[in-house]
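Numbering (the working numbering), first residue to last: 189 to 516.
Notes to accompany the following structure.
Written out as C-alpha cells, the structure reads:
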C-alpha cells in the first residue's frame, strides 16, 4: 500500500501544475468570448484544417518511408502512417510529448514485417534525429525572431529561451559524426559496458553499434537520402507554420509572419515541459503570446483549444490503430 501511495504522489507532481495553469488561464479569459470565436468557425474552415493536417501526416510518414526504403525494404504509406500515429498517441499522453512512442514503432516493424531489430532501430533513430534537427532549427529561428522583435511571448527569461538554440548543436554534431563514420552513442555505451560488465549492457552495446553503423553507412553511401529527408522536414515546418497561421486567422487573429513564428515558438516551447499533453502549458503560452502581441487573449485560448482537439483526436486514433496493429 505504501508503494502505491508513493506512485500516486509522483503522478500528482505532473498534474497539479497543469490543473493550476488551466484554472489560471480560464480565470483570466472569459469562456463566453472563447465560445463566440469557436462558434464562428464554418464547415469549410474545419475541413481545410483537417486536410492540411492529413498533408502533414503524409510528410512525416514520407520521411520515414524514404529512410526505410534505403535501409531495408518498402512498407506502404498507410501502414507507416498508422505506426506514426500510434507512436504519437503514446508520446502525447505521457509526460514530455517529444519522446515515448519510438519503441512502439520499432516493435511494429520487427513483429509485423520481420525487420531486424538493429535496422528497425536505425530507421526510427534516423527519422527522429532529422526531426529533432528540424525542430531545434525552428526553435532557434523562432527565438531569433522573438529577440529581434522584442516579443516576450512565453513569459520566460531570454537566457532560458536561448537553451533550445544551444540544443541545436547536438543533433547536428551527431549527424556529422555518423557521416564521418564515428558512432558516438555506441562509444558512450561501450564505456559504460566496460565499467559495468554485464550481459545486458553487452547486448545493448552491440545493438546500438549495429544501428549506428547502418545509419553511418546510409549517410556516407546515400547522402541524397539524408538530404531529401531534411528537405521533407523543411516542408513539414512550412506546412506547420501555415496550419498554425490558419488556426489563428480562423480564430479572429490577423498577424504577420514574424508574429506567427513568435507565437508558434511559444507553443513549441510549452510542449518541451514534462507535462502530459502539454496540458496547461500550451494554453498559458498562447494566452501570454496574444497579450504580448497586443491581441485578444481569447484568440490564443481558442487557438490552443483547436490545437488540443486536433492532437487529442489524432492521439486517440493512434492508440486505437496501434492496438489493432499489435493484435492482428
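We treat Cβ as the ideally placed atom computed from N, Cα and C, and that holds for glycine.
Original post:
Buried or exposed: which applies to residue 301, given that a residue is buried once 16 or more other Cβ atoms fall within 10 Å of its Cβ?
Top reply: Looking at its Cβ environment, which holds fewer than 16 other Cβ atoms inside 10 Å, residue 301 is exposed.
**OP:** State the DSSP-derived secondary structure class of residue 448, mapped to helix, strand or coil.
**Re:** helix
**OP:** Could you check how far apart the C-beta atoms of residue 406 and residue 374 are, in whole angstroms? I think they sit under 8 Å.
**Re:** Going by Cβ atoms, the distance from residue 406 to residue 374 rounds to 16 Å, so no, they are not a contact pair.
Original post:
What distance in whole Å lies between the Cβ atoms of residue 273 and residue 502, which are believed to be in contact at a cut-off of 8 Å?
Top reply: 6 Å
Original post:
Nearest CA to the CA of residue 514: which residue from 240, 463, 275?
Top reply: 275
Original post:
Is it right to say residue 516 is buried, meaning 16 or more other beta carbons lie within 10 angstroms of its own, or is it exposed?
Top reply: exposed
Subject >> residue 415, buried or exposed, once every other Cβ within 10 Å from all chains shown has been counted against 16 >> reply: exposed
**OP:** Could you check what DSSP says for residue 289 in three-state terms: helix, strand or coil?
**Re:** Correct three-state label for residue 289: coil.
Original post:
Within 10 angstroms of its Cβ, does residue 266 collect 16 or more other Cβ (buried), or is it exposed?
Top reply: exposed
Original post:
Could you give the C-beta distance for residue 244 and residue 475, rounded to a whole number, given that I count them as a contact under 8 Å?
Top reply: Contact doesn't hold; Cβ gap of about 25 Å is too wide.
Original post:
What residue from 215, 226, 211 has the CA that sits closest to residue 493's CA?
Top reply: 226
**OP:** Measure the alpha-carbon distance for residue 297 versus residue 303 and round it to whole angstroms.
**Re:** 6 Å
Original post:
Can you name the start and end residues of the alpha helix (DSSP H) that residue 410 belongs to?
Top reply: Looking at the DSSP string, residue 410 is not in any alpha helix (DSSP H), and its letter there is neither H nor E.
Original post:
To which residues of the same chain is residue 308 closer than 7 Å at the C-beta, ignoring the five residues directly before and after it?
Top reply: 294, 297, 298
**OP:** Would you grab the beta carbon distance between residue 333 and residue 449 for me? Rounded to a whole angstrom, and I think it's under 8 Å.
**Re:** 5 Å
**OP:** Starting from residue 186, trace the alpha helix (DSSP H) both ways and give me its first and last residue.
**Re:** This structure cannot speak to residue 186, because the chain is shown only from 189 to 516.
Original post:
Less than 8 Å separating the beta-carbons of residue 483 and residue 441?
Top reply: At the C-beta level, residue 483 and residue 441 come within 8 Å of one another.
Original post:
Which class does residue 228 belong to by DSSP, given the choice of helix, strand or coil?
Top reply: coil
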